[in-house]
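Chains as they are written, first to last, in this note's numbering: chain A, 217 to 451; chain B, 400 to 782.
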């Protein structure tokens, strides 16, 4: 399967991408000639076994890594050609990341964690506070704003992570196993939240997951096996 | 400032480690402050020496005396504006540890030669009128609680080997903060006449200070003075006042080198301690740095964050250390008066401030560069 092309215009275009990692003298082909298009407003799930290249693909789309070959275009930008500096600025503007292990800064309160991406903008302190309050309200954590991550449950920490990802109103939300470290109930809450962000706020979401229960919430699911897209399911 | 809470939060992450590092930096800068003050006490006079003043001493050694009659001949040497002599009295007030310098001088000549000593006119008049009169600097007067009118007994192990009793007629102030106000001066005529009793030393003085008309001609004048007394029983060595004071201080050793060596060793150790703390701090949160980069922090911003953290640490510790040193030094000379000057010069304070920043940059640079070189995907795996 080389082309997964939806009918409408694509926000994300991955074209002929290869990713090879070098370990000593060994070359490890993680992605091979992969092509994928994700239209704006879609909730896409990427599934596949461990080592299939899901996270690597997510990293390429999020500008955290570069392809060995091929092109990655997001929101009209050829990000595989951007310099490190430009790529960092691009990520700040376009991408919201949600990580499996939440990746909150432990020495900062929930609101300070959410504020982090806004520190890179020209917003004033009052404007930043307003954005943070809105984001925390959206994830239902306004009352826990002053709490440090260690005092929050896993589900709450992940919701802070989502608030941090959406606080700048990014073009694209990239979620790497967002429920992978949560129990079913907390996981469902997170999935409900992601679904609401997609349906009610039109957020484009790409979610890597192992869990069929999680992928069922996405509008489309694509499967990766050994670095190649092997199947697709559209709801 | 918008990143301050992040930097501050990171420093608070390991409170004990940060406190111990801060304490070691603080101690280093207290030591720095004290060593600078001691150095100032020992060699500070060099920088304060008059550019137009030369010291004439016996060619063999400062302890060899020169004839008083040389003064008139010196004053005739072209380029010499004035001359005044002093003689080492070496007296002890109550206890040898109560050290301060005493010298017999000719009041008018002496005060004209050293305008940095400020004596009120009525006290000068009293000194002229009192044969056993003496004036003392403010620092020593305060040290022993002397007031004008006091009788000051000083035992001289050199001259007559008996207590000399002086009437305190004046207390002089220093023109500048750095002026040495620890010495006591009394009248040469009283001193010289009293020396008759021991049948030695009469008409002889310790050294001369001469003022040159043109400081640019000081070297020529010095040569001319030494030539004047060549092949005489008491040949002279003439040198700038600064060089004379430096040679005096060098009897202890090369003060600058000693101080620099101690401080070098201390700061090298602090560099390692703080550098290790910062490296450890960065290593512990590589994953978090990866998160910052993932959400859009550039390499430059990550570099700035780590450097700001190390600078905050060294500036806090160093600033506290310098402040404590300045406060302790302001309380006075801990040697009880052995150091004529004892204060932390502004230049050294600024040097200390510069060292705080330099230490912060140096200790933070290596871990900061490490942080910038991190690949985001690798860093995120170490969260």
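Note that CB positions come from ideal geometry on N, CA and C, so glycine has one too.
No experiment lies behind these values; they were computed from the predicted model shown.
query: Opening and closing residue of the beta strand (DSSP E) in which residue 442 of chain A lies; result: Run containing residue 442 of chain A: none; DSSP gives neither H nor E here.
query: Chain A residues whose Cβ lies nearer than 9 Å to that of residue 405 of chain B; result: 321, 323, 324, 328, 332, 335
query: Buried versus exposed call for residue 400 of chain B [16 or more other C-beta atoms within 10 Å across all chains shown]; result: exposed
query: Contact list for the stretch 676 to 699 of chain B against chain A, Cβ threshold 9 Å; result: 684, 686, 687, 689, 690, 691, 692, 693, 694, 695, 696, 697, 698, 699
query: Residue-level contact to chain B via CB, residue 313 of chain A, 8 Å cutoff; result: yes
query: Selection from A/306, A/346, A/267 that minimises the alpha carbon distance to residue 328 of chain A; result: A/346
query: CB-CB length for residue 433 of chain A against residue 411 of chain A, believed under 8 Å; result: 5 Å
query: Residue nearest to residue 227 of chain A in terms of C-alpha spacing, selected from A/290, A/393, A/406; result: A/290
query: Start-to-end residues for the beta strand (DSSP E) that takes in residue 535 of chain B; result: 532 to 536
query: Neighbour list for residue 308 of chain A in chain B, Cβ cutoff strictly below 7 Å; result: 694, 695
query: Residue interval of the beta strand (DSSP E) (run including residue 669 of chain B); result: No beta strand (DSSP E) contains residue 669 of chain B, which is instead part of the alpha helix (DSSP H) from 654 to 683.
query: Interface residues of chain A facing residue 776 of chain B [CB-CB closer than 9 Å]; result: 271, 272, 275, 280, 281
query: Simplified DSSP state of residue 476 of chain B, which is helix, strand or coil; result: coil
query: Best match in B/403, B/563, B/600 for proximity to residue 492 of chain B [C-alpha to C-alpha]; result: B/563
query: 8 Å Cβ cutoff, residue 296 of chain A in contact with chain B; result: no
query: Status (buried if at least 16 other CB within 10 Å, exposed otherwise) for residue 825 of chain B; result: The displayed coordinates of chain B run from 400 to 782. Any statement about residue 825 of chain B would go beyond what the structure contains.
query: Close Cβ partners of residue 331 of chain A (< 7 Å) along its chain, the five nearest in sequence each way excluded; result: 344, 348
query: DSSP three-state assignment for residue 224 of chain A, whether helix, strand or coil; result: Because the pLDDT of residue 224 of chain A is 49, which lies under 50, any placement of that residue in the model is unreliable, and the question is left without a value.
query: Test: residue 412 of chain B CB closer than 8 Å to a CB of chain A; result: yes
query: Cut-off 8 Å between Cβ atoms - residues of its own chain near residue 232 of chain A, not counting five sequence neighbours on either side; result: 249, 250, 251, 285, 286, 287
query: Pair within 8 Å by beta-carbon distance, residue 640 of chain B and residue 454 of chain B; result: yes
query: CB of residue 586 of chain B within 8 Å of CB of residue 622 of chain B, strictly; result: no
query: Neighbour flag for residue 434 of chain A against chain B, beta carbons, 8 Å; result: no
query: Coarse secondary structure for residue 447 of chain A, derived from DSSP in three states; result: strand
query: Close-in-space but distant-in-sequence residues of the same chain around residue 514 of chain B (CB under 8 Å, 5 per side omitted); result: 574
query: Alpha-carbon to alpha-carbon, residue 752 of chain B and residue 696 of chain B; result: 30 Å
query: Sequence ranges, alpha helix (DSSP H) only - wholly within the stretch 584 to 639 of chain B, length at least 4; result: 587 to 593, 617 to 627
query: Three-way DSSP call (helix, strand, coil) for residue 231 of chain A in this model; result: strand
query: Boundaries (first-last residue) of the alpha helix (DSSP H) holding residue 310 of chain A; result: 300 to 310
query: DSSP bridge partner residues for residue 503 of chain B (one or two, in chain order); result: B/585
query: At least 3 beta-carbon pairs within less than 8 Å: the stretch 308 to 327 of chain A vs the stretch 677 to 692 of chain B; result: yes
query: Pair within 8 Å by beta-carbon distance, residue 610 of chain B and residue 571 of chain B; result: no
query: Whole-angstrom distance between residue 439 of chain B and residue 578 of chain B, CA atom to CA atom; result: 12 Å
query: Proximal residues of chain A, C-beta to C-beta of residue 409 of chain B below 8 Å; result: 323
query: Euclidean distance between Cα positions of residue 705 of chain B and residue 365 of chain A; result: 22 Å
query: Span separating the alpha-carbon of residue 508 of chain B from that of residue 550 of chain B; result: 24 Å
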